[in-house]
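Q:
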Amino acid sequence: MHDLTGFQRDLLYVVYGLEEPNGLEVKEELEEYYESEIHHGRLYPNLDTLVEKGLVEKGQLDERTNYYTVTRRGRRELRARREWENDSLRANDRIDLPRNEADG
């Protein structure tokens with residue numbers, strides 16, 4: 045997972061959070077999160093990269109529509125990432141940093 049771009053990680057999270065989404069559903073979810081349009085030329089090559097890395101599996105709904113699902117390896121990678129994030133945040137909580145005015 046360390047070799048993924050931020051966009052690819054976001055894709056992985058979106059595919060995991062939706063039940064066998066097609067590309068359009070993934071695109072719409074990302075556009076809502078990013079608050080901007082995601083072009084097909086960015087979306088599908090990055091989905092293909094996740095498939096090539098064994099993190100996502102691509103299936104076919106019909107002749108024109110594919111669906112995506114996170115593989116066992118992908119779920120394992122997501123869990124490891126979540127643990128790393130949680131550990132990092134807990135470590136930061138133990139450090140007594142001066143409060144920034146913006147923090148309130």
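Residues in the sequence shown are numbered from 45 upward in steps of one, following our numbering. Where a beta carbon is used, it is the ideal one built from N, C-alpha and C, also for glycine. Note that the structure is predicted; figures quoted are calculated from it, not measured.
1) How many whole angstroms separate the CB atoms of G61 and L87, which I take to be in contact at a CB cut-off of 8 Å?
2) Where E129 and N110 are concerned, what is the direct C-alpha to C-alpha distance, given to the nearest angstrom?
3) Taking only the alpha-carbon atoms, compute the straight-line gap between L99 and D137 and give it to the nearest angstrom.
4) Looking at C-alpha atoms only, which residue of L122, E127, S132 is the closest neighbour of M45?
5) Let me confirm a value: L156 is counted as buried when at least 16 other C-beta atoms fall within 10 Å, else exposed. Which label applies?
6) Out of R134, A124, V70, point me to the one whose CA is closest to D54's CA.
A: Result, derived from the coordinates:
1) Not quite, the Cβ-Cβ distance comes to about 16 Å (not below 8 Å), so this is no contact.
2) Their backbone Cα atoms lie some 31 Å apart in a straight line.
3) Between the alpha carbons of L99 and D137 lies a gap of roughly 31 Å.
4) The candidate whose alpha carbon is nearest that of M45 is L122.
5) Outside the modelled stretch of the chain, which goes from 45 to 148, sits residue 156, for which no answer is possible.
6) The shortest C-alpha separation from D54 is found at V70.
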